[in-house]
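Heads up: the sequence lines are chains F and V, in that order. Per the UniProt record's numbering, the first sequence starts with residue 1, numbered consecutively. Per the UniProt record's numbering, the second sequence starts with residue 1, numbered consecutively. All C-beta atoms, glycine included, are put in the ideal place defined by N, C-alpha and C. Contents: one structure, followed by commentary.
2 protein chains.
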Amino acid sequence: MAKTKAYKSDVKAAIHETALDLHETGLIDKHTMRRFDQSCLTPVRKFTAEEIRALREREQVSQTVFAMYLNVTKDSVSQWERGDKRPAGPACKLLSIVAEKGLAAIA
Amino acid sequence: MAKTKAYKSDVKAAIHETALDLHETGLIDKHTMRRFDQSCLTPVRKFTAEEIRALREREQVSQTVFAMYLNVTKDSVSQWERGDKRPAGPACKLLSIVAEKGLAAIA
DNA sequence: CCAATATGTAGAACTCTGTGCTATATTTCA
DNA sequence: TGAAATATAGCACAGAGTTCTACATATTGG
Numbered sequence: 001m002a003k004t005k006a007y008k009s010d011v012k013a014a015i016h017e018t019a020l021d022l023h024e025t026g027l028i029d030k031h032t033m034r035r036f037d038q039s040c041l042t043p044v045r046k047f048t049a050e051e052i053r054a055l056r057e058r059e060q061v062s063q064t065v066f067a068m069y070l071n072v073t074k075d076s077v078s079q080w081e082r083g084d085k086r087p088a089g090p091a092c093k094l095l096s097i098v099a100e101k102g103l104a105a106i107a
Numbered sequence: 001m002a003k004t005k006a007y008k009s010d011v012k013a014a015i016h017e018t019a020l021d022l023h024e025t026g027l028i029d030k031h032t033m034r035r036f037d038q039s040c041l042t043p044v045r046k047f048t049a050e051e052i053r054a055l056r057e058r059e060q061v062s063q064t065v066f067a068m069y070l071n072v073t074k075d076s077v078s079q080w081e082r083g084d085k086r087p088a089g090p091a092c093k094l095l096s097i098v099a100e101k102g103l104a105a106i107a
């Protein structure tokens, strides 16, 4: 696991926690709090069929096992990789997490 | 962050990694490998409307911010919490992660 | 070596999530 | 006071995700 990635996400988590604490102490208002939350969110990528397949193969798992991790059916994963259907909002978020942190992050 | 939670997920991640290494070394077959994967997966809960709201309020964020984290619209979160609609597979997985590890885990 | 299993493709029909929009009400803060 | 954040509500619609079947190939275990 690359140190830079872990560092990055730790920073974001820390910013969120710090902002939360400052809000509870009354030092910043909700308005500013929300700006902090937006700034520390990892942007969600769009995934092509090939990228999804490459991602799964990088993690060395079958479509069935990959599907279990994402809590979808194996057919859905197959359809994504063939370009038959495209993953929606929440599915893309999960794929982004896997792409950044690996399958273990959503175990 | 509670140590027990971090420990638990670390164990599961470790089992997965170990199984993967054993497979690459040729010490276990794919069949067994898959069983390992299934056993170290966190079961995905069903969430009631009240549980979703409680979860969001525990994390101290508005529906809008919560929605940004899950990569869905604020309307969807509102509908979940009112019992108008129920989160699907991938959305439930994300909610499970937040319930177990907190919002920072999907930042 | 052979039967069983895992893996992936393919397509069809169906459910209902998730989106987008508008409108309304209340609260919060400058 | 008035602008912005927050949450509810309803409705129409595209398409995501499910479920089913059938088929083709590895791969494997006995």
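CA-to-CA distance, residue j to residue i, given in whole angstroms
i	j	result
valine 72 of chain F	glutamate 51 of chain V	22 Å
glycine 102 of chain V	alanine 91 of chain F	18 Å
glutamine 60 of chain V	alanine 54 of chain V	10 Å
isoleucine 89 of chain F	arginine 45 of chain V	Going by the sequence as given, residue 89 of chain F is glycine instead of isoleucine. Cα-Cα distance, rounded: 20 Å.
residue 134 of chain V	isoleucine 106 of chain F	No answer is possible for residue 134 of chain V: it lies beyond the span of chain V, which begins at 1 and ends at 107.
leucine 95 of chain F	glutamine 79 of chain V	24 Å
phenylalanine 66 of chain F	arginine 56 of chain F	7 Å
alanine 104 of chain F	aspartate 75 of chain V	30 Å
alanine 49 of chain F	proline 87 of chain F	10 Å
glycine 83 of chain F	leucine 41 of chain V	27 Å
arginine 58 of chain V	glutamate 81 of chain F	37 Å
alanine 99 of chain F	threonine 64 of chain V	25 Å
tyrosine 69 of chain V	lysine 93 of chain V	13 Å
serine 62 of chain F	isoleucine 97 of chain F	18 Å
proline 43 of chain F	proline 43 of chain V	27 Å
valine 77 of chain V	phenylalanine 47 of chain V	12 Å
lysine 85 of chain V	lysine 85 of chain F	22 Å
Chain-ordered chain F contacts of residue i [CB-CB under 7 Å]
i	result
valine 72 of chain V	Gly89 and Pro90
Neighbour list for residue i in chain F, Cβ cutoff strictly below 9 Å
i	result
isoleucine 52 of chain V	Residues of chain F passing the Cβ test: none, with the nearest at roughly 13 Å.
Under 8 Å by beta carbon: chain F residues contacting residue i
i	result
leucine 55 of chain V	Simply none; closest approach about 15 Å.
Contacts that residue i makes with chain V (C-beta to C-beta distance below 7 Å)
i	result
lysine 46 of chain F	Ordered by position in chain V, no residue passes the 7 Å Cβ test against lysine 46 of chain F, which lies about 11 Å from the chain.
Partners in chain V for residue i, counting only beta-carbon separations shorter than 9 Å
i	result
lysine 85 of chain F	Correct list: empty, because the minimum Cβ distance to chain V is about 13 Å.
Let me know the alpha helix (DSSP H) ranges lying completely inside the region 31 to 94 of chain V, each 4 residues or longer, listed in chain order. 49 to 58, 63 to 70 and 74 to 82
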